[in-house]
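Participant:
Numbering (the numbering used here), first residue to last: 1188 to 1405.
Right, dumping it as C-alpha coordinates:
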(Lines of atoms letter the chains of each structure in order from A and count residues from 1; the text may use other names and numbers.)
(Lines give C-alpha, C1' and ligand atoms only; values in the text may rest on other atoms or scores of the structure.)
Protein backbone atom coordinates (compact mmCIF):
# COMPACT_ATOMS: atom_id res chain seq x y z
CA UNK A 1 0.00 0.00 0.00
CA UNK A 2 1.16 3.54 -0.71
CA UNK A 3 2.43 5.33 2.40
CA UNK A 4 0.85 8.75 2.81
CA UNK A 5 -0.60 10.85 5.60
CA UNK A 6 -4.18 9.79 5.00
CA UNK A 7 -5.96 6.53 4.23
CA UNK A 8 -7.74 5.99 0.90
CA UNK A 9 -10.40 3.26 0.66
CA UNK A 10 -12.56 2.60 -2.38
CA UNK A 11 -15.62 0.42 -2.96
CA UNK A 12 -16.12 -1.24 -6.33
CA UNK A 13 -18.62 -3.64 -7.91
CA UNK A 14 -21.38 -3.84 -10.44
CA UNK A 15 -24.56 -1.80 -10.08
CA UNK A 16 -26.79 -3.02 -7.28
CA UNK A 17 -23.96 -4.56 -5.24
CA UNK A 18 -24.72 -2.31 -2.26
CA UNK A 19 -21.70 -0.01 -2.35
CA UNK A 20 -23.43 3.15 -1.14
CA UNK A 21 -24.89 1.41 1.91
CA UNK A 22 -21.58 -0.20 2.82
CA UNK A 23 -19.68 3.09 2.44
CA UNK A 24 -21.96 4.66 5.06
CA UNK A 25 -21.77 1.67 7.39
CA UNK A 26 -17.98 1.59 7.21
CA UNK A 27 -17.66 5.32 7.85
CA UNK A 28 -19.91 5.02 10.91
CA UNK A 29 -17.87 2.07 12.23
CA UNK A 30 -14.54 3.87 11.81
CA UNK A 31 -15.90 6.97 13.57
CA UNK A 32 -17.13 4.82 16.46
CA UNK A 33 -14.01 2.65 16.75
CA UNK A 34 -11.22 5.16 16.12
CA UNK A 35 -13.03 8.31 17.26
CA UNK A 36 -12.27 9.90 13.92
CA UNK A 37 -14.23 12.87 12.58
CA UNK A 38 -12.02 13.42 9.52
CA UNK A 39 -13.76 10.95 7.19
CA UNK A 40 -14.68 12.09 3.69
CA UNK A 41 -17.39 10.00 2.03
CA UNK A 42 -17.54 10.67 -1.67
CA UNK A 43 -18.46 9.05 -4.99
CA UNK A 44 -17.74 8.90 -8.70
CA UNK A 45 -19.01 10.20 -10.92
CA UNK A 46 -20.72 13.19 -9.43
CA UNK A 47 -18.85 14.86 -6.60
CA UNK A 48 -18.76 18.66 -6.62
CA UNK A 49 -20.60 21.06 -8.93
CA UNK A 50 -18.77 20.04 -12.10
CA UNK A 51 -19.02 16.38 -11.13
CA UNK A 52 -22.79 16.57 -10.77
CA UNK A 53 -23.10 17.93 -14.32
CA UNK A 54 -20.74 15.29 -15.69
CA UNK A 55 -22.67 12.56 -13.87
CA UNK A 56 -25.91 13.78 -15.41
CA UNK A 57 -24.34 13.66 -18.89
CA UNK A 58 -23.06 10.12 -18.37
CA UNK A 59 -26.17 8.57 -16.82
CA UNK A 60 -28.86 10.68 -18.53
CA UNK A 61 -27.50 12.12 -21.80
CA UNK A 62 -29.67 14.49 -23.86
CA UNK A 63 -32.53 12.73 -25.60
CA UNK A 64 -31.47 11.27 -28.92
CA UNK A 65 -27.78 11.26 -28.04
CA UNK A 66 -25.84 8.07 -28.70
CA UNK A 67 -22.71 8.51 -26.63
CA UNK A 68 -19.46 7.28 -28.10
CA UNK A 69 -17.60 4.86 -25.82
CA UNK A 70 -14.46 7.02 -25.88
CA UNK A 71 -16.45 10.14 -25.09
CA UNK A 72 -18.01 8.34 -22.12
CA UNK A 73 -14.56 7.37 -20.81
CA UNK A 74 -13.14 10.87 -21.26
CA UNK A 75 -16.06 12.47 -19.39
CA UNK A 76 -15.48 10.08 -16.50
CA UNK A 77 -11.77 10.86 -16.51
CA UNK A 78 -12.48 14.60 -16.44
CA UNK A 79 -14.69 14.05 -13.41
CA UNK A 80 -11.97 11.97 -11.74
CA UNK A 81 -9.22 14.52 -12.36
CA UNK A 82 -11.34 17.28 -10.81
CA UNK A 83 -12.34 15.03 -7.93
CA UNK A 84 -8.75 14.07 -7.06
CA UNK A 85 -7.45 17.63 -7.27
CA UNK A 86 -10.25 19.37 -5.39
CA UNK A 87 -11.37 16.80 -2.83
CA UNK A 88 -9.52 13.51 -2.45
CA UNK A 89 -5.87 14.58 -2.43
CA UNK A 90 -6.35 17.65 -0.17
CA UNK A 91 -8.18 15.50 2.38
CA UNK A 92 -5.50 12.81 2.32
CA UNK A 93 -2.75 15.42 2.60
CA UNK A 94 -4.35 16.57 5.87
CA UNK A 95 -4.17 13.03 7.22
CA UNK A 96 -7.87 12.27 6.75
CA UNK A 97 -9.67 9.10 5.66
CA UNK A 98 -11.34 9.02 2.24
CA UNK A 99 -13.99 6.39 1.44
CA UNK A 100 -15.02 6.58 -2.21
CA UNK A 101 -17.93 4.87 -3.95
CA UNK A 102 -16.22 3.94 -7.26
CA UNK A 103 -12.87 5.13 -8.56
CA UNK A 104 -10.45 4.28 -11.36
CA UNK A 105 -11.09 0.53 -11.29
CA UNK A 106 -14.67 1.20 -12.40
CA UNK A 107 -13.45 2.76 -15.63
CA UNK A 108 -11.18 -0.20 -16.31
CA UNK A 109 -14.03 -2.64 -15.65
CA UNK A 110 -16.87 -0.75 -17.38
CA UNK A 111 -15.18 1.01 -20.27
CA UNK A 112 -12.37 -1.52 -20.63
CA UNK A 113 -13.87 -4.96 -20.08
CA UNK A 114 -17.46 -3.85 -20.65
CA UNK A 115 -17.15 -1.52 -23.63
CA UNK A 116 -14.09 -3.16 -25.16
CA UNK A 117 -11.65 -0.26 -24.98
CA UNK A 118 -8.19 -1.80 -24.41
CA UNK A 119 -7.77 -2.12 -20.65
CA UNK A 120 -4.11 -1.06 -20.76
CA UNK A 121 -5.13 2.18 -22.48
CA UNK A 122 -7.80 2.83 -19.85
CA UNK A 123 -5.24 2.21 -17.10
CA UNK A 124 -2.78 4.60 -18.73
CA UNK A 125 -5.39 7.35 -19.02
CA UNK A 126 -6.38 6.80 -15.40
CA UNK A 127 -2.77 7.26 -14.29
CA UNK A 128 -2.86 10.66 -16.00
CA UNK A 129 -6.28 11.64 -14.60
CA UNK A 130 -5.41 10.65 -11.03
CA UNK A 131 -1.79 11.88 -11.12
CA UNK A 132 -0.87 8.39 -9.96
CA UNK A 133 -3.12 8.39 -6.88
CA UNK A 134 -4.41 4.87 -6.16
CA UNK A 135 -6.27 3.52 -3.13
CA UNK A 136 -4.63 1.83 -0.16
CA UNK A 137 -7.46 -0.73 -0.12
CA UNK A 138 -10.24 -1.52 -2.56
CA UNK A 139 -13.27 -3.47 -1.37
CA UNK A 140 -14.87 -5.36 -4.25
CA UNK A 141 -18.49 -6.24 -3.54
CA UNK A 142 -18.95 -9.23 -5.80
CA UNK A 143 -22.41 -10.37 -6.83
CA UNK A 144 -24.11 -12.08 -9.77
CA UNK A 145 -25.72 -9.53 -12.13
CA UNK A 146 -28.89 -11.64 -12.14
CA UNK A 147 -29.21 -10.83 -8.44
CA UNK A 148 -27.88 -7.30 -8.26
CA UNK A 149 -29.94 -5.80 -11.06
CA UNK A 150 -33.19 -6.96 -9.47
CA UNK A 151 -32.39 -4.54 -6.62
CA UNK A 152 -32.58 -1.51 -8.92
CA UNK A 153 -35.89 0.24 -9.56
CA UNK A 154 -35.14 3.31 -11.68
CA UNK A 155 -32.44 2.23 -14.12
CA UNK A 156 -29.87 4.63 -15.53
CA UNK A 157 -28.35 4.23 -18.98
CA UNK A 158 -25.53 2.11 -17.54
CA UNK A 159 -27.80 -0.10 -15.46
CA UNK A 160 -30.04 -0.73 -18.48
CA UNK A 161 -27.19 -2.40 -20.39
CA UNK A 162 -27.49 -6.09 -21.24
CA UNK A 163 -26.81 -8.90 -18.78
CA UNK A 164 -23.86 -9.85 -20.99
CA UNK A 165 -22.37 -6.38 -20.49
CA UNK A 166 -22.72 -6.58 -16.71
CA UNK A 167 -21.21 -10.07 -16.67
CA UNK A 168 -18.20 -8.72 -18.59
CA UNK A 169 -17.87 -5.88 -16.10
CA UNK A 170 -18.02 -8.32 -13.18
CA UNK A 171 -15.35 -10.48 -14.82
CA UNK A 172 -13.24 -7.35 -15.27
CA UNK A 173 -13.44 -6.47 -11.59
CA UNK A 174 -12.50 -10.03 -10.59
CA UNK A 175 -9.55 -9.97 -13.00
CA UNK A 176 -8.30 -6.72 -11.48
CA UNK A 177 -8.64 -8.19 -8.00
CA UNK A 178 -6.64 -11.27 -8.97
CA UNK A 179 -3.94 -9.08 -10.49
CA UNK A 180 -3.61 -6.97 -7.32
CA UNK A 181 -4.47 -9.20 -4.35
CA UNK A 182 -2.61 -6.98 -1.87
CA UNK A 183 -4.94 -4.05 -2.60
CA UNK A 184 -8.28 -5.78 -3.17
CA UNK A 185 -10.59 -7.42 -0.65
CA UNK A 186 -13.29 -9.49 -2.39
CA UNK A 187 -16.51 -9.67 -0.36
CA UNK A 188 -19.56 -11.65 -1.45
CA UNK A 189 -22.42 -9.15 -1.55
CA UNK A 190 -25.38 -11.54 -1.89
CA UNK A 191 -25.81 -11.57 1.90
CA UNK A 192 -27.80 -9.34 4.29
CA UNK A 193 -26.29 -5.87 4.71
CA UNK A 194 -25.10 -6.47 8.26
CA UNK A 195 -23.38 -9.72 7.27
CA UNK A 196 -21.57 -7.97 4.43
CA UNK A 197 -20.49 -5.20 6.78
CA UNK A 198 -19.19 -7.68 9.37
CA UNK A 199 -17.08 -9.40 6.73
CA UNK A 200 -15.70 -6.08 5.51
CA UNK A 201 -14.82 -4.97 9.02
CA UNK A 202 -13.17 -8.26 9.97
CA UNK A 203 -10.92 -8.12 6.91
CA UNK A 204 -10.31 -4.39 6.78
CA UNK A 205 -9.73 -3.47 10.44
CA UNK A 206 -6.25 -5.05 10.62
CA UNK A 207 -5.21 -2.87 7.69
CA UNK A 208 -6.61 0.23 9.37
CA UNK A 209 -4.57 -0.60 12.46
CA UNK A 210 -1.39 -0.94 10.40
CA UNK A 211 -1.99 2.37 8.64
CA UNK A 212 -2.79 4.08 11.95
CA UNK A 213 0.50 2.81 13.39
CA UNK A 214 2.47 3.97 10.35
CA UNK A 215 1.01 7.48 10.57
CA UNK A 216 1.72 7.68 14.29
CA UNK A 217 5.35 6.67 13.74
CA UNK A 218 6.02 9.30 11.05
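Beta carbons: idealized from backbone N, C-alpha and C, even for Gly.
(1) Name, in chain order, the residues that DSSP records as bridge partners for residue 1374.
(2) Which first and last residues belong to the beta strand (DSSP E) in which residue 1230 is found?
(3) With DSSP run on the structure shown, which of helix, strand or coil describes residue 1430?
(4) Pairs of beta-carbons, one from the stretch 1346-1365 and one from the stretch 1251-1271, closer than 8 Å: are there three or more?
(5) Check the DSSP bridge columns for residue 1252 and list the partner residues they point to.
(6) Does residue 1259 come out as helix, strand or coil in the three-state DSSP assignment?
(7) Any idea what DSSP makes of residue 1284, helix, strand or coil?
(8) Of the residues 1329, 1373, 1284, which one's Cα is nearest the Cα of residue 1406?
(9) Exposed or buried, which one is residue 1190 when buried takes at least 16 other CB atoms within 10 Å?
(10) Comparing alpha-carbon positions, which option in 1268, 1356, 1219, 1380 lies nearest residue 1321?
(11) Taking the DSSP output, what are the residues bridged to residue 1197?
(12) Would a C-beta distance cut-off of 7 Å place residue 1420 and residue 1202 closer than the cut-off?
(13) Pull up the CB-CB distance for residue 1354 and residue 1332, whole angstroms please, since I reckon it's below 8 Å.
(14) Return the chain-ordered list of same chain residues with a C-beta closer than 7 Å to the C-beta of residue 1234, the five sequence neighbours on each side being excluded.
Facilitator: Taking the definition as stated:
(1) 1328
(2) 1226-1230
(3) Outside the displayed span of the chain (1188 to 1405) sits residue 1430, for which this structure offers no information.
(4) no
(5) None; residue 1252 has no bridge partner.
(6) helix
(7) strand
(8) With the chain represented from 1188 up to 1405, any question about residue 1406 goes unanswered, as that position is not in the structure.
(9) Here residue 1190 scores only 41 on pLDDT, less than 50, and its place in the model should not be relied on; the value that follows carries that caveat. Exposed, since its Cβ has fewer than 16 Cβ neighbours within 10 Å.
(10) 1268
(11) 1287, 1325
(12) Residue 1420 falls outside the range modelled here, since the chain spans only 1188 to 1405, and no answer is possible.
(13) 6 Å
(14) 1270, 1274
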